[in-house]
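Here the structure comes first, spelled out in structure tokens, and everything after it is commentary.
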Amino acid sequence: MAGAAIHGRLTWLVAEVVGLVEETPRARSLILNCPGWAGHRPGQHIDVRLTAADGYQAQRSYSIATPADGERVTITVERVENGEVSSYLIDEARVGDRFELRGPIGGYFVWEPGRGQPLFLVAGGSGIVPLMAMIRARLLTGSEEVRCVVSARSLEDVIYREELQRAAARRDGIAVTTTLTRSHPEGWPGPSRRVDREMLGELGWPPSERPLTFVCGPTGFVESVASALVGLGHEPERIRTERFGPTGG
Amino acid sequence: MDGERHLDGNSLGGRLWDLFGREMTDEAGCCGACGAVALLGQLVVYRDAPGEVARCSSCGAVSIVVVPTPDGLRVTFESIRWVDVGVGG
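Protein chains in written order, with the numbering used here: chain A, 7 to 255; chain B, 24 to 112.
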């Protein structure tokens, strides 16, 4: 699949927007059809390049939100201030628009079903995007036990909220806990504080289970989660981190 | 986001591919300033500059700078002692 693209030039392909999903007030998914796409692994990302009429080009990286699906690639983009690429993708892109992308890129923050070990996924904000590709892949073909903690400012900021609820409701080995750090509805049954060591100890796997852990979110979030996990006794080399990954700009 | 302007070295994966012709984010590199060894995907990348500045995640020294030019890219290897390039695939 991705093996064919390991060596050689990473070529720009032309993708067409075939669907749009408003995920939250600040995040939108773009479903792209990309002829020539060679497939990818959950956790990988793409480069997007926009070219203005005068030739000016802007290039940014975005995590892929879905597992491999032929020539389909879905990205989820969050609004960033003065983001010259993200503002186009969020406010202007319409079905039928075309732009250039290349990939897949990334060999470290990557997971595929079939490894067998339990999986622990910890997301801060839009850090859920590459982790969602892993959850979706697990739902399609995997059997691994997955525990996932999602931290968001408020309920309406939780990207993929309903899909995460449905995944957990299947009760076939995927558990999702959402913590809301700024505001929460009255009677909110879940945690309402930042992810801390106690929460990770309670909701994650014991180190003896040797889980594979993926953490993605803002830099401060990722660093505090990773060091708390090491403090709990998890092996550092089994904790993979992505600092706000390629979802910005 | 929220004012956090730096990204992971993973976001530089496409540029590194331009330079090396292959996936490089999971290859190790050694900081020329402090000697720390880390995966290139773990570099800390800043995009506020005209281009991209990758710094060592241990000591903050500038490792690699990539600036677009009218003809392509100018890449400065500011402070990186070595990088691994796996050739087995």
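Note that beta-carbon positions come from the ideal geometry of N, C-alpha and C, so glycine has one too.
Quick one: list the residues of chain A neighbouring residue 46 (chain B), beta-carbon separation under 8 Å, in chain order. Result: 12, 111, 112 and 113.
Integer-rounded CB distance, given that residue 130 (chain A) should sit under 8 Å from residue 157 (chain A): Residue 157 (chain A) to residue 130 (chain A), Cβ: 5 Å. Contact.
When the Cβ atoms of the segment 180-200 of chain A are set against those of the segment 92-99 of chain A, are three or more pairs found closer than 8 Å? Proximity of the segment 180-200 of chain A to the segment 92-99 of chain A falls short of the contact definition, fewer than three beta-carbon pairs being nearer than 8 Å.
Please decide whether residue 62 (chain B) counts as near chain A, where near means a Cβ-Cβ distance under 8 Å. Taking 8 Å as the threshold, the shortest C-beta distance from residue 62 (chain B) to chain A falls below it.
Residue 35 (chain A) touches chain B at which residues, Cβ-Cβ below 7 Å? Ordered by position in chain B, no residue passes the 7 Å Cβ test against residue 35 (chain A), which lies about 17 Å from the chain.
For the pair the segment 63-82 of chain A and the segment 37-46 of chain A, tell me if three or more CB-CB distances fall below 8 Å. Yes, they touch.
What span of residues does the beta strand (DSSP E) with residue 65 (chain A) cover, start to end? Note, residue 65 (chain A): beta strand (DSSP E), 63-69.
Taking its Cβ as the centre, do 16 or more other Cβ atoms sit within 10 Å of residue 31 (chain B), making it buried, or is it exposed? Around the beta carbon of residue 31 (chain B), 16 or more other beta carbons sit within 10 angstroms, so the residue counts as buried.
In its own chain, which residues sit with a C-beta less than 6 Å from the C-beta of residue 60 (chain B), not counting the 5 before and 5 after it? Here the set comprises 51 and 53.
Any idea what DSSP makes of residue 238 (chain A), helix, strand or coil? Reduced to three states, the DSSP call for residue 238 (chain A) is coil.
Closer than 8 Å, Cβ to any Cβ of chain B: which residues of the segment 204-232 of chain A, in chain order? So the list reads 224, 225 and 226, given in the order they occur along the chain.
Assuming the contact rule is C-beta atoms closer than 8 Å, residue 48 (chain A) and residue 151 (chain A) should be a hit. Round their C-beta distance to whole Å, please. Contact doesn't hold; Cβ gap of about 16 Å is too wide.
Whole-angstrom distance between residue 65 (chain A) and residue 91 (chain B), CA atom to CA atom: Spanning the two alpha carbons is a distance of roughly 10 Å.
Reference residue 102 (chain B), options B:110, B:88 and B:95, closest by Cα: Among B:110, B:88 and B:95, the Cα nearest to that of residue 102 (chain B) belongs to B:88.
Interface residues of the segment 57-86 of chain A facing chain B [CB-CB below 7 Å]: Result list: 67, 84 and 86.
Taking C-beta to C-beta, are residue 207 (chain A) and residue 186 (chain A) nearer than 8 Å? The answer is no: Cβ separation not under 8 Å.
With a CB to CB cut of under 6 Å and the five nearest residues on each side skipped, what residues in its chain are close to residue 179 (chain A)? In chain order, 151 place their CB closer than 6 Å to the CB of residue 179 (chain A), counting only its own chain and leaving out the 5 sequence neighbours on each side.
If you draw a straight line from the C-alpha of residue 21 (chain A) to the C-alpha of residue 214 (chain A), how long is it? Distance between residue 21 (chain A) and residue 214 (chain A), taken at the CA atoms: about 45 Å.
Residue 222 (chain A) - partner residues in DSSP beta bridges: Within the DSSP secondary-structure output, residue 222 (chain A) pairs in a beta bridge with A:129 and A:248.
Which runs of the beta strand (DSSP E) at least 3 residues long sit entirely within the segment 14-84 of chain A? Give them in chain order. Restricting attention to beta strand (DSSP E) runs no shorter than 3 residues, the segment 14-84 of chain A encloses them at 19-30, 33-39, 51-57, 63-69 and 78-84, ordered along the chain.
Is it the case that the Cβ atoms of residue 33 (chain A) and residue 72 (chain A) are separated by a distance below 8 Å? Cβ atoms of residue 33 (chain A) and residue 72 (chain A): not closer than 8 Å.
With a threshold of 8 Å on Cβ separation, who are the neighbours of residue 7 (chain A) within its own chain once the five nearest residues in sequence on each side are excluded? Caution applies to residue 7 (chain A), whose pLDDT of 41 falls short of 50 and renders its modelled position unreliable; the value that the coordinates give is listed next. Result list for residue 7 (chain A): 44, 45, 46, 47 and 74, in chain order.
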